[in-house]
Amino acid sequence: MALYLIGDVQGCDDALGRLLDKIAFSPSRDRIVLLGDLVNRGSDSAAVLRRVQGYGASARSLLGNHDLHLLGVAHGARKAGRKDTLAAVLDAPDRELLLDWLGQQHMALHETIAGADLLMVHAGVPPQWSVGDTLVLASEVEAVLRGPALGEFLQTMYGNEPAQWSPTLTGSARLRAIVNALTRLRFCSAEGVMDFESKDGAASAPDGFMPWFDVPGRRTAHATVAFGHWSTLGWVSRPDLLSTDTGCVWGGCLSAARIGATLAEREHIKVQCPQSQKPG
19 MALYLIGDVQ
29 GCDDALGRLL
39 DKIAFSPSRD
49 RIVLLGDLVN
59 RGSDSAAVLR
69 RVQGYGASAR
79 SLLGNHDLHL
89 LGVAHGARKA
99 GRKDTLAAVL
109 DAPDRELLLD
119 WLGQQHMALH
129 ETIAGADLLM
139 VHAGVPPQWS
149 VGDTLVLASE
159 VEAVLRGPAL
169 GEFLQTMYGN
179 EPAQWSPTLT
189 GSARLRAIVN
199 ALTRLRFCSA
209 EGVMDFESKD
219 GAASAPDGFM
229 PWFDVPGRRT
239 AHATVAFGHW
249 STLGWVSRPD
259 LLSTDTGCVW
269 GGCLSAARIG
279 ATLAEREHIK
289 VQCPQSQKPG
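So the sequence shown is numbered by the numbering used here: it starts at 19 and just counts up by one.
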């Protein structure tokens, strides 16, 4: 039995199929966790959702910013953007089944492997949050996504404020801060102020900011945090970090990390992808 963590697919179903073939994935034997952004920008988001849904309990997924955006468009909270490729889902005969399944996925996941913590998110974790905090706060958003207030939540989900987490936040501001941290974060300050503008690599942090995982004293430093979202960062594997978005939709690779008996045992498996989306 093997565990594979897969980076951002973004609607590239052909690449996902080739990657699963390369690792000889068997739903009866193996498990996969997709680290968010299953949909959008690629050509076949509906096929990706159907494929992953078909694996049942052998496949779990995190919700990325593009996945939440699909739910927002589907519920009328936002119009589809010029670069969005969501019509295949929105116009599908099984649209409601696909959207319902997507809304049941996770904002964060956790496993203990050989006594060590593996925390999985789509984008990042503010330095103030512990592993336990992250899971509790993720569950707040998950409860809303699965409940009767979904439409109301999606109407208030978009926006960059508040830019800093505080446990005193309430209502839509609290949920928005959690969503932005888990699905959009790349850079933040030492005090945990989050920047949502820069999409460049780790060496191009805005003044006063740094990659979220390099903030001194962050409370998840003892764990291995696996994430996607940051294609300009690319593949990074270090004891406390596993970055898996290698730019599939931009003509890079779709990557999987095979996790061994310990978190130190990792294998990078990838397939090359044709460019599906033009930068800019």
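Note that beta-carbon positions come from the ideal geometry of N, C-alpha and C, so glycine has one too. Treat the numbers as computed from the prediction; the structure is a model and nothing was measured.
Taking all protein chains shown into account, decide if residue i is buried (16 or more other Cβ within 10 angstroms of its Cβ) or exposed.
| i | result |
| --- | --- |
| L115 | exposed |
| G25 | buried |
| G235 | exposed |
| H240 | exposed |
| A132 | exposed |
| M175 | buried |
| T242 | buried |
| D62 | buried |
| A77 | buried |
| K288 | buried |
| V154 | exposed |
Along the chain, where does the beta strand (DSSP E) that runs through residue i open and close?
| i | result |
| --- | --- |
| I24 | L21 to I24 |
| Q290 | R284 to Q290 |
Within the continuous alpha helix (DSSP H) that includes residue i, where are the two ends?
| i | result |
| --- | --- |
| I196 | G189 to R202 |
| K40 | D31 to K40 |
| V299 | Residue coverage of the chain in this structure runs from 19 to 298, which leaves residue 299 outside it and unanswerable. |
Since residue i contacts residue j with CB under 8 angstroms, what's their CB separation in whole angstroms?
| i | j | result |
| --- | --- | --- |
| R59 | L34 | Contact doesn't hold; Cβ gap of about 14 angstroms is too wide. |
| G210 | W248 | Incorrect: roughly 18 angstroms between the Cβ atoms, too far for contact. |
| T262 | A275 | 6 angstroms |
| G29 | V66 | 6 angstroms |
Only counting runs of 4 or more residues, tell me where the alpha helix (DSSP H) segments fall wholly within the segment 122-185, in order along the chain. 149-163 and 168-173
My parser needs the alpha helix (DSSP H) runs of 4 or more residues fully inside the segment 45-83; what are they? 63-72
Mind the definition here: the segment 184-196 touches the segment 36-50 only if three or more C-beta pairs lie below 8 angstroms; say whether that holds. no
Ignoring anything shorter than 4 residues or poking outside the segment 204-271, list the alpha helix (DSSP H) runs there in chain order. none
If contact is defined by three or more beta carbon pairs under 8 angstroms, each pair taking one atom from either stretch, is the segment 157-170 in contact with the segment 140-149? no
Examine the Cβ distances between the segment 88-103 and the segment 203-218 and report whether three or more of them are shorter than 8 angstroms. no
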